[in-house]
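Undergrad:
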Amino acid sequence: GQYDHFMQKEIYEQPRAISDTIEGIIDEGHFDVRMFGDDAEEVFKNTDSILILAAGTSYYAGVTAKYWLESIAKIKTSVEISSEYRYRDSVPNPRQLVIAISQSGETLDTLEALKHAQSLGHTLSLAICNVQESAIARASRLVFYTRAGAEISVASTKACTTQ
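Quick note, the sequence shown lines up with residues 12 to 174 if you use the numbering used here.
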């Protein structure tokens, strides 16, 4: 084709992936919080801080999200590498929203970190992933599906920018 390799192709597909994801968020100029789940409004009203759990490139998307969430939404946010968080006891906050980010929705460390947070008493959770009905999506109270499409190259491109 016109690209030297899949990664180059996927880099050029990023604008479309972002457009498709935004199209899934905004309907006729309006944002409906229920797109995350039926009780999303209640969850967000009861949230006083955010804990982001992720691995690899999704972790870096989480670090970027921390910047935006704290500077725009003014909500305290922390980001943890899933493989480290799952092996330690943290101080649970029942009003903290746990966001698990994974391109596939099957990243084992992130899934286990989410389950660990839930075992500590975290009941508010949101999955951000690219695959419908993935394990992380099923384990979360709320879910946001990105519309990045398939990624063939090892390095994440479209998934990262849509997360």
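Where a beta carbon is used, it is the ideal one built from N, C-alpha and C, also for glycine.
How would you write the range of the beta strand (DSSP E) that Leu135 sits in, first residue to last?
TA: That run of the beta strand (DSSP E) goes Leu135 to Cys140.
Undergrad: Taking only the alpha-carbon atoms, compute the straight-line gap between Ile36 and Ile63 and give it to the nearest angstrom.
TA: In a straight line, the C-alpha of Ile36 is about 20 Å away from that of Ile63.
Undergrad: What ranges does the beta strand (DSSP E) occupy inside the segment 18 to 89, keeping only unbroken runs of at least 3 residues that lie completely in it?
TA: List check, beta strand (DSSP E) in window: 60 to 65.
Undergrad: Quick check on Glu95: does DSSP put it in helix, strand or coil?
TA: Residue state, collapsed to three classes: helix.
Undergrad: Relative to the alpha-carbon of Tyr98, which residue among Ala66, Phe155 and His127 has its alpha-carbon at the smallest distance?
TA: Residue His127 is the option with its Cα nearest to Tyr98.
Undergrad: What residues match up with Ala150 in a beta bridge as DSSP calls it?
TA: Its beta-bridge partners do not exist; DSSP assigns none.
Undergrad: So Ser113 is in the beta strand (DSSP E); what residue range does that whole segment cover?
TA: First-last of the beta strand (DSSP E) with Ser113: Gln107 to Ser113.
Undergrad: Judging by CA-CA distance, which residue of Ile110, Lys56 and Ser145 is the nearest neighbour of Ala65?
TA: Nearest C-alpha to Ala65: Ile110.
Undergrad: Quick check on Tyr14: buried or exposed, where buried means 16 or more other Cβ atoms within 10 Å of its Cβ?
TA: Tyr14 is exposed by the Cβ-count criterion.
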